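One structure is given below, encoded as structure tokens.
2 protein chains.
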Amino acid sequence: MLHLKNVSRIYRMGSGEIRALDDISLSIEAGEFIAIMGPSGSGKSTLMNIIGCLDRPTAGQYLLDKEDVGGLDDNSLAGIRNMEIGFIFQTFNLLPRLTALKNVEIPLIYGGYRRGKGRLETARTALESVGLADRIYHKPNELSGGQQQRVAIARALVKNPSILLADEPTGNLDSSTGEEIIRIFSKLSHEGKTIILVTHDEAVGRYARRIVRLKDGRIN
Amino acid sequence: MLHLKNVSRIYRMGSGEIRALDDISLSIEAGEFIAIMGPSGSGKSTLMNIIGCLDRPTAGQYLLDKEDVGGLDDNSLAGIRNMEIGFIFQTFNLLPRLTALKNVEIPLIYGGYRRGKGRLETARTALESVGLADRIYHKPNELSGGQQQRVAIARALVKNPSILLADEPTGNLDSSTGEEIIRIFSKLSHEGKTIILVTHDEAVGRYARRIVRLKDGRIN
Ligand SMILES: Nc1ncnc2c1ncn2[C@@H]1O[C@H](COP(=O)(O)OP(=O)(O)OP(=O)(O)O)[C@@H](O)[C@H]1O
Ligand SMILES: Nc1ncnc2c1ncn2[C@@H]1O[C@H](COP(=O)(O)OP(=O)(O)OP(=O)(O)O)[C@@H](O)[C@H]1O
Ligand SMILES: [Mg+2]
Ligand SMILES: [Mg+2]
Numbered sequence: 083m084l085h086l087k088n089v090s091r092i093y094r095m096g097s098g099e100i101r102a103l104d105d106i107s108l109s110i111e112a113g114e115f116i117a118i119m120g121p122s123g124s125g126k127s128t129l130m131n132i133i134g135c136l137d138r139p140t141a142g143q144y145l146l147d148k149e150d151v152g153g154l155d156d157n158s159l160a161g162i163r164n165m166e167i168g169f170i171f172q173t174f175n176l177l178p179r180l181t182a183l184k185n186v187e188i189p190l191i192y193g194g195y196r197r198g199k200g201r202l203e204t205a206r207t208a209l210e211s212v213g214l215a216d217r218i219y220h221k222p223n224e225l226s227g228g229q230q231q232r233v234a235i236a237r238a239l240v241k242n243p244s245i246l247l248a249d250e251p252t253g254n255l256d257s258s259t260g261e262e263i264i265r266i267f268s269k270l271s272h273e274g275k276t277i278i279l280v281t282h283d284e285a286v287g288r289y290a291r292r293i294v295r296l297k298d299g300r301i302n
Numbered sequence: 083m084l085h086l087k088n089v090s091r092i093y094r095m096g097s098g099e100i101r102a103l104d105d106i107s108l109s110i111e112a113g114e115f116i117a118i119m120g121p122s123g124s125g126k127s128t129l130m131n132i133i134g135c136l137d138r139p140t141a142g143q144y145l146l147d148k149e150d151v152g153g154l155d156d157n158s159l160a161g162i163r164n165m166e167i168g169f170i171f172q173t174f175n176l177l178p179r180l181t182a183l184k185n186v187e188i189p190l191i192y193g194g195y196r197r198g199k200g201r202l203e204t205a206r207t208a209l210e211s212v213g214l215a216d217r218i219y220h221k222p223n224e225l226s227g228g229q230q231q232r233v234a235i236a237r238a239l240v241k242n243p244s245i246l247l248a249d250e251p252t253g254n255l256d257s258s259t260g261e262e263i264i265r266i267f268s269k270l271s272h273e274g275k276t277i278i279l280v281t282h283d284e285a286v287g288r289y290a291r292r293i294v295r296l297k298d299g300r301i302n
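See the structure below:
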């Protein structure tokens, strides 16, 4: 359902260029649980941003459900992201002036869910599922690093997206809390969701059906 | 050299209170290499902020080299931090508009090191030691997550501080890059520096001479 063909992402800097991704070809079926691994700086987040329609390739083609994403304008890209894709960012990207509950409610608001008890309940349930029931009114700076990470996870899950992109979702979590998160992902995978997970943790990578390893912007 | 006696850190919120630290007593000798571990939300970063003079206890006493830190004003606290303590934050806290090189140079500038080749060389060497020689002119948003983490590490090391506080310094690093960082810490420890390291990674914790485990704001 998801095809990258000869995708490159190049940054021009001063006199040189950085090939963050270099001629990547990758196909992912609907419902797969795939882990992307590799050294720091090898291109994992760059690949996730392209898959998640947050960035465009410099060269090559990205087909999502047979649609050539490179040909879409920014509004259509935003539309795809809001409908289909839940994204957990490596650096969380929470809105600092909003509570955890409000941060998680934001995708529902943008998704046109009607204001009211139902919307709040959906957001609260997502936060409960990641163990934050007693932190829902805290702002990000009133939360620990791993709690912020879990708010970002709840926000990505709240609309039950068909594709979940998770960029190092357990990096700030102890092993037991991390396992709870990966169990949530496994359950979603069994329900048919597509899960693409970047991790540095081999133990986490093992939950995936397939591991794609990057090195210097290329698939190893 | 570092004594916490019955230290608590309490946040008042609405109708209740959160005991982020609850009656902690802990002594750390000069030159120790100690790991602080525990579940997400158990109080590790709060403890680090108090040890690093970035926060004050709500109750109890913190003696640093026999000096009662609680009695000092903000300027004196800032003075201690700049002179003695290198701090690697869980969320990096880099200055977004400055290059990696400039970010690492900042403590030298504040420390009164004279402008010139020597100061730049010191900053560059710190970045080389964490494998970022070819990224020194990148700004934080032009760096991967693990590269940002390593800039934060270089910045903490650049003045060769006698106390290094590292809050989850390998959370965004693959195991091989993470080991390089921990080797740097071990080397500093052998040179007599005091290293206090928060980690979720048992493998990293094993490098320390002693592990202190927190749970719900208390030492286990
Ligand atoms: N400003 C604040 N107001 C209210 N509660 C806070 C505040 N800052 C932290 N807390 C709470 O204090 C507790 C301890 O936070 P701390 O950041 O020390 O945890 P931690 O052990 O570092 O967790 P992690 O492993 O997730 O980084 C958490 O439950 C957190 O929600
Ligand atoms: N805006 C940019 N300009 C220039 N170079 C960039 C930019 N963004 C990223 N890079 C470079 O692209 C490379 C890949 O970055 P990416 O964030 O994809 O790595 P990563 O595999 O996610 O690393 P980590 O495990 O450290 O998070 C890095 O070497 C980085 O320095
Ligand atoms: Mg990354
Ligand atoms: Mg923390």
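Protein sequence lines, in the order shown, are assigned to chains Z and R. Using the working numbering, read the first sequence as starting at 83 and increasing by one per residue. Using the working numbering, read the second sequence as starting at 83 and increasing by one per residue. Note that CB positions come from ideal geometry on N, CA and C, so glycine has one too. Fair warning: this is a prediction, and the values are worked out from it, not measured in the lab.
- Apart from the 5 residues on each side of it in sequence, phenylalanine 115/R sits with its Cβ closer than 6 Å to the Cβ of Ser271, Ile277, Ala290 and Arg291 in its chain, given in chain order.
- Counting only Cβ-Cβ distances below 8 Å, glutamine 172/Z has contacts in chain R at Gly227 and Asn254, in chain order.
- No Cβ of chain R is located within less than 8 Å of the beta carbon of histidine 272/Z.
- The beta-carbon separation of isoleucine 293/Z and alanine 117/Z, rounded to 5 Å, stays under the 8 Å limit for a contact.
- Shown in chain order are the members of the stretch 125-139 of chain Z whose Cβ falls below 9 Å from a Cβ of chain R: Gly125, Lys126, Ser127 and Thr128.
- Glutamate 210/Z and arginine 237/R have their alpha carbons spaced roughly 37 Å apart.
- Look at lysine 126/Z: its beta carbon is less than 7 Å from one of the heavy atoms in ligand 2.
- Counting only residues of its own chain and dropping the five nearest sequence neighbours on each side, phenylalanine 174/R has a CB closer than 7 Å to the CB of Gln230, Gln231 and Ala234.
- Within chain Z, the residues Asp256 have their CB atoms less than 9 Å from the CB of glycine 120/R, given in chain order.
- For serine 226/R, the distance from the CB to the nearest heavy atom of ligand 3 is below 7 Å.
- Proximity of glutamate 262/Z to chain R, defined by a Cβ-Cβ separation below 8 Å, is not satisfied.
- Ranking Ser109/R, Asn185/R, Asp104/R and Ser122/R by CA distance to the CA of serine 258/Z puts Ser122/R first.
- If you check the CB distance, leucine 183/R and alanine 160/R do not come in under 8 Å.
- For a Cβ distance threshold of 9 Å, nothing in chain R lies close to histidine 85/Z: the least Cβ distance comes to about 25 Å.
- Taking 8 Å as the threshold, the shortest C-beta distance from glutamate 250/R to chain Z falls below it.
- If only complete runs of 4 or more residues are kept, the stretch 195-277 of chain R shows the alpha helix (DSSP H) at 199-211, 227-239 and 257-272, in order along the chain.
- The straight-line gap separating the alpha-carbon atoms of proline 139/R and serine 127/R is approximately 13 Å.
- The three-state secondary structure of glutamate 111/R, taken from DSSP, is coil.
- Comparing C-alpha distances from glycine 96/Z to each of Met95/R, Gly134/R and His220/R shows the shortest one belongs to His220/R.
- The residue among Gly98/Z, Asn223/Z, Glu273/Z and Cys135/Z with its C-alpha nearest the C-alpha of serine 158/Z is Cys135/Z.
- In the structure shown, asparagine 88/R falls within a strand segment according to DSSP collapsed to helix, strand and coil.
- One Cα belongs to valine 280/R, the other to glycine 260/Z, and the distance between them is close to 16 Å.
- Within 10 angstroms of the beta-carbon of methionine 165/R lie fewer than 16 other beta-carbons, which makes it exposed.
- Of the candidates Asn131/Z, Arg91/Z and Gln143/Z, the residue whose Cα lies closest to the Cα of serine 109/Z is Gln143/Z.
- According to DSSP, residue pairing for glutamate 149/R in a beta bridge involves Leu146/R.
- Burial is judged here by how many other beta carbons sit within 10 angstroms of a residue's own beta carbon; asparagine 185/R has at least 16 and is buried.
- Look at methionine 130/Z here: in three-state DSSP terms it is helix.
- The alpha-carbon separation between leucine 190/R and glycine 274/R amounts to approximately 22 Å.
- Under DSSP, the beta-bridge partners assigned to valine 294/R are Ile118/R.
- At a cut-off of 8 Å between beta-carbon atoms, threonine 259/Z makes contact with chain R.
- Taking the CA atoms as reference points, arginine 288/R sits about 12 Å from arginine 265/R.
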